[in-house]
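Line by line, the protein sequences are chains A and B. The opening position of the first sequence corresponds to residue 10 in my numbering, with each subsequent residue numbered one higher. The opening position of the second sequence corresponds to residue 10 in my numbering, with each subsequent residue numbered one higher. For glycine and all other residues, C-beta sits at the position ideal for the given N, C-alpha and C. Values in this document were obtained by computation on a predicted structure and should not be read as measured data. Input: a single structure, listed below in structure tokens.
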Amino acid sequence: MFKKFSSEDVSAHNQVKASVQRKIRQSIAEEYPGLEPVLDDLLPKKSPLIVTKCQNHLNLVVVNNVPLFFNIRDGPYMPTLRLLHQYPNIMKKLQVDRGAIKFVLAGANIMCPGLTSPGGVLDEEVGAETPVAIMAEGKQHALAIGFTKISAKDIKAINKGIGVDNMHYLNDGLWKMERLD
Amino acid sequence: MAEKPQPVRVLYCGVCSLPAEYCEFGPDFEKCKPWLIQNAPDLYPDILKESNAKEADKVTEQLQSTAISTGGGDGAASSASKPEEVKRLPGGKIKKKEKPEVVIEKVTRNKRKCITTVKGLELFGVKLSDASKKLGKKFATGASVVKGPTEKEQIDVQGDIAYDIVEFITDTWPDVPETAIFFMEDGRKVAAA
């Protein structure tokens, strides 16, 4: 979804009021308990929090001109890859095999067989419609952020078609937007 | 968890900006190589073996590539003017497309307002005036039949409905297969399915 994304797609950015800011913090803290200790560093209470609205009902949470989180419509907040690389353990992880990497990096959704093959790792606890980090066989860092369409158990059972929607991947529009002003 | 987890420092390639380990899948591995040799020699032992004779060439290449990446802002502007060029190029031997297809295009006006144009519905035997009425009703916006650029009629719908329109078209007119619906993105046709 960020395949084509540039500052032109930003339609409005507002500094949000404190109550909204609190709400965002809360939902992020709920979603990613692992982030809680550093949340004060990431979203300092003092510095203004900016929510950027983009096309396709997309919101970016921006602090000091750096996009940190995004969400769609009222969906869950997901960290950007740059943030995830810093704190890799905040999300559930799924691993795809090596053959899938180049497709994922071209923006393809993650298909079930790439997760169930020997190179892939499935976390059985992952339910449907949860944000997950997509790791790759033999690589240290995440290469994409996905949103599961079906639960991990179903992925294993069905083993066909799209398992995880690719939301954000390395070298897409959002990745290139290191700073936003 | 009393103490703060320290942020992991990831080595990002200076050329393609990916984490160094993903350079091999990046847009241009060749250009990354000189940077990798300097900064992350242990990640890719293979490329160290390559001859150093080409080193000089590579450095200039690297310089060029950085120049390109800094000029990235211009790329968006040039891509907008692309579609016309592409059309002109095969002018000598025009391939006539007989396949009927529906092309959906989003035209932005006024920054956050846009118009979705639907072309080619008539090829499936759909009455455009009926269709525009249905679209307007479904999405609660203005929809009208407009003479397109090449004497062809198209439907203009106010607002960005590209997101939902595919499903609507396939539902309302079963004659239109989902595979025949395309989006226009930067002058390229992208299948909707």
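Straight through space, the alpha carbons of residue 52 of chain B and residue 140 of chain B are spaced by roughly 58 angstroms. Under the 10 Å beta carbon count, residue 47 of chain B is surrounded by fewer than 16 other beta carbons and is classified as exposed.
Taking 8 angstroms as the Cβ-Cβ cut-off, the stretch 147-177 of chain B approaches chain A at 169 and 172, given in chain order.
Taking all protein chains shown into account, residue 175 of chain A has 16 or more neighbouring C-beta atoms within 10 Å of its C-beta and is therefore buried. By the Cβ neighbour-count rule, residue 43 of chain B is buried, with 16 or more other Cβ atoms within 10 Å of its own.
Residue 22 of chain B sits in coil when the DSSP states are folded into three classes, being neither helix nor strand. Judged by DSSP secondary structure, residue 46 of chain A falls outside any beta strand (DSSP E) and instead within the alpha helix (DSSP H) spanning 45-51.
Going by C-alpha positions, residue 115 of chain A is about 13 angstroms away from residue 184 of chain A. A distance below 7 angstroms between beta-carbons, with the five flanking residues on each side excluded, links residue 163 of chain B to the following residues of its chain, in chain order: 126, 127, 128, 155 and 157. Within chain A, the residues whose beta carbon sits less than 7 angstroms from that of residue 120 of chain B are 20, listed in sequence order.
Of all residues in the stretch 104-123 of chain A, those with a C-beta nearer than 8 angstroms to a C-beta of chain B are 110, 111 and 114, reading in chain order. For residue 20 of chain A, the closest of A/136, A/120 and A/63 by C-alpha to C-alpha distance is A/63. Legend: CB atoms of the stretch 170-186 of chain A lying less than 9 angstroms from CB atoms of chain B belong to residues 179, 180, 184 and 185. Taking the Cα of residue 29 of chain B as reference, the smallest distance to any Cα among A/44, A/150, A/187 and A/157 is reached at A/150. Inter-segment contact for the stretch 20-29 of chain A and the stretch 56-75 of chain A is present: three or more beta-carbon pairs are separated by less than 8 angstroms. With the criterion set as a beta carbon lying under 8 angstroms from some beta carbon of chain A, the members of the stretch 26-46 of chain B are 26, 27, 28, 30, 31, 34, 35 and 36, in sequence order. Boundaries of the alpha helix (DSSP H) around residue 141 of chain B: 137-148.
Proximity of residue 148 of chain A to chain B, defined by a Cβ-Cβ separation below 7 angstroms, is satisfied.
Taken in chain order, the stretch 51-80 of chain A contains no complete alpha helix (DSSP H) segment of 4 residues or longer. Chain order gives no chain B residues near residue 41 of chain A, where near means a beta carbon separation below 8 angstroms; the closest approach is about 12 angstroms.
Within chain A, the C-beta atoms nearer than 7 angstroms to that of residue 19 of chain B come from 94 and 150, in chain order.
By the Cβ neighbour-count rule, residue 136 of chain A is exposed, with fewer than 16 other Cβ atoms within 10 Å of its own. Annotation for residue 165 of chain B: the continuous beta strand (DSSP E) segment containing it runs 162-167. As the crow flies, the alpha-carbon of residue 23 of chain A is around 27 angstroms from that of residue 139 of chain A. Put simply, the backbone Cα of residue 18 of chain A is about 24 angstroms away from that of residue 190 of chain B. Given a length threshold of 3 residues, each whole run of the beta strand (DSSP E) inside the stretch 146-190 of chain A is given here in chain order: 153-157 and 171-178. For residue 23 of chain A, the enclosing beta strand (DSSP E) begins and ends at 19-24. Under the DSSP assignment, residue 103 of chain A falls in the beta strand (DSSP E) whose first and last residues are 102-105.
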